[in-house]
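Q:
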Amino acid sequence: MRLIIFGGTFDPPHYGHIELISSLNFSNDDKVIILPNYIPPHKSADASPEDRLNMCRLAFPDLEVSDYEIKKGGPSYTYQTLQFFQKEYFLNRDNLIYIIGADSMKDLKTWGHPRKLSRLATFLVFRRPHYNNVAQDIKEFQDLYGGNFILSDIIGQDISSTEIRVRNAFDQARDYVPEGVFEYIKQKGLYNKYRAITDKYSQFGLSQKRIDHTLSVTLTALKLAYVYGADSEKVILAALLHDIGKNLNLKRAYELGLSISYQTIELPAICRHADFGYEIAKTFFGIKDEEILNAIKYHTTGRPGMTLLEKIIFLADYFEPTRATPGLDKIVQTARTNIDQAVELALKNTLNFLKQNNYEIAPITISAYEYYQKENKIGI
Ligand code: ATP
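Numbering-wise (numbering that gives the first Met the number 0), the sequence shown opens with residue 0 and increments by one.
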């Protein structure tokens, strides 16, 4: 027999997970186990282990869902789990298969005891959109620790649990998880963390169009975060709040008690909302992290020497798919491999557009363009 284990956080389980399992060509002799973890050492979970276990049972009604790691408690180290199942079923590396996606493959060398891991199971690796280096990641791991890897030709669906948790705050999770899981999420009130932000959009006068744009910016920013390894929680908070000041004018901003500097007043009126957003995020949403606040503040104008988070929000706002600006494709492509070059192209397009239409230009956008033009020539 072969034992195929699909481990993960499943926070929540979604159609991407289900499709991976459905694509397997297993025989009657094979056994498949779904294995939700307890506390993954390399990430945190929003739902409790018990809720994730229950949701896995709803998502995979025909398969065994094991509570081994959850019952064991403590950090879930895969090498210990594999040791357990090897002994339990008298298996070796060839007939114990462990499924991982390309994002997990990228991190595999950071998991506990990678050399032991490599001797315990054969890893079946699935490609995922936005993770283009999977073959290289396998080679790197093998050069360091050896191991058996099978790279599937199948590319997983373009969804993740993180995106579903965000979509839930916009009442848009239903299409991505089985009905039973969706009902469970609703009934238990799971994944409501970001509603603390989305519930307040109307208070700040955001239109439905602006809310749709905000969701699209968040999902686009998350995809860039996967490529560049940025902190997804910070990306989500900055993206959800980037346009929170969009519908305010100076009068309303004063009425809300926002602290407004001369620099904000001197900005072209169309850019002031980003400064308002900075103040609102601080005052009304308790955001203290300057990196998040600055990603909100500079998302329209850009600035010289932006952090990775600032660049991600700036670009996601510029080219999220609901934008109809011409010439975006090249910038989207460039952003996948060279974020600084993409920032330079976006700044150049913005400046050309403003000049052609005789619109006022914020000096900081000119200095940002000059900065990235110069730095990209030198090769940052
Ligand atoms: P998160 O967004 O919280 O990281 P996730 O969608 O990656 O969640 P996990 O529970 O971490 O879900 O996934 C379990 C395993 O399934 C991981 O190895 C992951 O790489 C893989 N996986 C998840 N979604 C997909 C997908 N859409 N395509 C391919 N592999 C996937």
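All residues carry an ideal CB built from backbone N, CA and C; glycine is no exception.
Among Tyr253, His241 and Ile312, which has the Cα closest to the Cα of alanine 280?
A: His241
Q: In whole angstroms, what is the alpha-carbon distance linking isoleucine 269 and glycine 145?
A: 56 Å
Q: In angstroms, rounded to a whole number, what distance separates the CA positions of aspartate 29 and valine 180?
A: 26 Å
Q: Closest by CA to arginine 164, which one among Asp152, Tyr190, Ala273 and Lys287?
A: Considering only alpha carbons, the answer is Tyr190.
Q: Rounding to the nearest angstrom, what Cα-Cα distance links leucine 81 and serine 65 in this structure?
A: 13 Å
Q: Within this structure, are the beta carbons of alanine 382 and glycine 301 separated by less than 8 Å?
A: Lying before the first or after the last residue shown, residue 382 is absent from the chain, which here runs from 0 to 379.
Q: How far does the alpha helix (DSSP H) with aspartate 152 in it reach, from first residue to last?
A: No alpha helix (DSSP H) contains aspartate 152, which is instead part of the beta strand (DSSP E) from 147–154.
Q: For tyrosine 368, report the span of its alpha helix (DSSP H) as first-last.
A: 362–377
Q: Just to confirm, are glutamate 369 and proline 267 a CB contact at a threshold of 8 Å?
A: For glutamate 369 and proline 267, no; Cβs fall outside 8 Å.
Q: If you draw a straight line from the alpha carbon of valine 331 to that of leucine 221, how long is it in whole angstroms?
A: 14 Å
Q: Which residues bound the beta strand (DSSP E) around lysine 30?
A: Going by DSSP, lysine 30 is part of the beta strand (DSSP E) stretching over 30–35.
Q: Is the Cβ-Cβ distance between glycine 111 and tyrosine 76 less than 8 Å?
A: yes
Q: In the structure shown, what three-state DSSP assignment does glycine 276 receive?
A: helix
Q: What residues are listed by DSSP as bridge partners for isoleucine 137?
A: DSSP lists no partner for isoleucine 137.
Q: Ordered along the chain, which non-local residues of its own chain (more than five positions away) have a Cβ less than 8 Å from that of leucine 214?
A: Val165, Arg166, Phe169 and Gln171
Q: Rounded to the nearest angstrom, what separates tyrosine 400 and lysine 71 at their Cα positions?
A: No statement about residue 400 is possible, as the shown extent of the chain runs from 0 to 379 and does not include it.
Q: Please indicate yes or no: does the CB of glutamine 156 lie closer than 7 Å to some heavy atom of the ligand ATP?
A: Yes; taking the cut-off as 7 Å, the Cβ of glutamine 156 has a heavy atom of the ligand ATP nearer than that.
Q: State buried or exposed for threonine 282, treating a residue as buried only when at least 16 other CB atoms are found within 10 Å of its CB.
A: exposed
Q: Please determine if the stretch 47–62 and the stretch 7–17 are in contact, where contact requires at least 3 C-beta pairs separated by less than 8 Å.
A: yes
Q: Any heavy atom of the ligand NAD closer than 7 Å to the CB of histidine 16?
A: The ligand NAD is not part of the structure shown, which contains the ligand ATP as its ligands.
Q: Hey, would you say the C-beta of phenylalanine 9 is under 7 Å away from at least one heavy atom of the ligand ATP?
A: Phenylalanine 9: yes, Cβ under 7 Å from the ligand ATP.
Q: Counting pairs of Cβ atoms below 8 Å between the stretch 200–208 and the stretch 293–307, do you hit three or more?
A: no
Q: Measuring CA to CA, which of Arg118, Asn248, Arg1 and Ile96 is closest to glycine 204?
A: Answer by Cα proximity: Asn248.
Q: Glycine 100 bridges to which residues according to DSSP?
A: Partner(s): Phe125.
Q: Within its chain, find whatever has a CB closer than 6 Å to the CB of tyrosine 97; leave out the 5 residues flanking it on each side and keep chain order.
A: Ile4, Ala120 and Phe122
Q: For asparagine 24 and alanine 134, I'd like the C-alpha separation in whole angstroms.
A: Taking the straight line joining both Cα atoms gives about 22 Å.
Q: Within the continuous alpha helix (DSSP H) that includes isoleucine 163, where are the two ends?
A: Judged by DSSP secondary structure, isoleucine 163 falls within the alpha helix (DSSP H) whose first and last residues are 160–167.
Q: What are the uninterrupted segments assigned as beta strand (DSSP E) that are 3 or more residues long and contained completely in the stretch 59–104, given in chain order?
A: If we require 3 residues or more, the beta strand (DSSP E) runs fully inside the stretch 59–104 come out as 95–100.
Q: What are the boundary residues of the beta strand (DSSP E) that glycine 7 is part of?
A: 2–7
Q: Contact between the stretch 251–267 and the stretch 226–237: three or more CB pairs below 8 Å?
A: no
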